[in-house]
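The number in my numbering is simply the position in the sequence shown, starting from 1, with 717 added.
The block underneath contains the structure these notes are about, expressed in structure tokens.
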Amino acid sequence: MKRVLQIIALIVAIALLGVTANHLMTPSEGDQAATQTTKKAVTTKKVTPTHINWRKSSENKPYPKWQQLKNPWIHVSVKQQRVFIMDGKHTVYTMYASTGVDDSTPKGTFHIQAEHGKFFYNAESKEGAKDWVSFKDHGIYLFHSVPTDQYGKFNVKEADMLGRTAHSHGCVRLAVPDARWFYNNVTYGTKVVID
Numbered sequence: 718m719k720r721v722l723q724i725i726a727l728i729v730a731i732a733l734l735g736v737t738a739n740h741l742m743t744p745s746e747g748d749q750a751a752t753q754t755t756k757k758a759v760t761t762k763k764v765t766p767t768h769i770n771w772r773k774s775s776e777n778k779p780y781p782k783w784q785q786l787k788n789p790w791i792h793v794s795v796k797q798q799r800v801f802i803m804d805g806k807h808t809v810y811t812m813y814a815s816t817g818v819d820d821s822t823p824k825g826t827f828h829i830q831a832e833h834g835k836f837f838y839n840a841e842s843k844e845g846a847k848d849w850v851s852f853k854d855h856g857i858y859l860f861h862s863v864p865t866d867q868y869g870k871f872n873v874k875e876a877d878m879l880g881r882t883a884h885s886h887g888c889v890r891l892a893v894p895d896a897r898w899f900y901n902n903v904t905y906g907t908k909v910v911i912d
């Protein structure tokens, strides 16, 4: 019985609060408040994490099964520093990325090329990377892991910029497991759109 009385008291209190709120606000004020609340909800921006763990996959879900995608392609957003694995119009996986500093990543439509490898090192730039796949100029513009030194040791300072700022020489850098998945799954001829 005590529980029933508590529930009734709660219902009455809620009803009284509703009456009080209605008396405090005219209908136009209520509409304005609702509009402001709606605007706030719509303009909420997705915040980029201050630190991205480039040693882990970008999402906490399994990678898509490439062979099961009906119309797979790759979308790279330079503005967002993201790589979207697409199936038609649907994003099936999002990866953190770092594109080229000073807008050096070429924009347009490209296709995955035959050139790929497990590791490279460029003595001129003093950077290497793992799990690379070419998308332009046959081995010049690549998707690859965050950068390494000549011995394959990751450059932590550069890697920590992943997903936050463009800092490559024109390639698209990915987290270590994302680059490995990309290397092992994305097939020759796959469309790549960079904007």
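We put the CB at the ideal spot given by N, CA and C, even for glycine.
Keep in mind the model is a prediction, meaning the values are calculated, not measured.
- In the structure shown, Pro894 falls within a helical segment according to DSSP collapsed to helix, strand and coil.
- Here Thr816 is buried: its Cβ has 16 or more other Cβ atoms, across all protein chains shown, within 10 Å.
- Bounds of the beta strand (DSSP E) holding Lys835 are 833 to 839.
- Shown here, Ala846 sits in a strand according to DSSP, grouped into three states.
- The alpha carbon of Ile791 has as its nearest neighbour, out of Gln785, Gln784, Gly805, Lys874, the alpha carbon of Gly805.
- Short of 7 Å from the beta carbon of Glu875, and not among the five residues preceding or following it, lie these beta carbons of its own chain, in chain order: Val863, Pro864, His884.
- By a beta-carbon distance limit of 8 Å, Ile769 does not contact Pro823. Their separation comes to about 24 Å.
- Of the residues Val793, Val850, Asp866, the one whose Cα lies closest to the Cα of Ser842 is Asp866.
- As DSSP reads the structure, Asp804 sits in a beta bridge with Pro789, His807.
- No Cβ-Cβ contact shorter than 8 Å links Thr882 with Gln797.
- The beta carbons of Tyr900 and His833 sit closer together than 8 Å.
- Scanning Glu776, Pro789, Glu844 for the CA closest to the CA of Asn902 turns up Pro789.
- When rounded, the separation of the alpha-carbon atoms in Asp895 and Asp819 is 24 Å.
- Per DSSP, reduced to three states, the secondary structure at Val863 is coil, with no helix or strand assignment.
- For the pair Ser851 and Met812, the CB atoms are not nearer than the 8 Å cut-off.
- Inter-residue distance for Thr826 and Gly869 is about 31 Å (C-alpha atoms, whole angstroms).
- DSSP lists Lys908 as the bridge partner or partners of His828.
- For Val873, the enclosing alpha helix (DSSP H) covers residues 873 to 876.
- Rounded to whole angstroms, Lys847 and Tyr905 show a C-alpha spacing of 18 Å.
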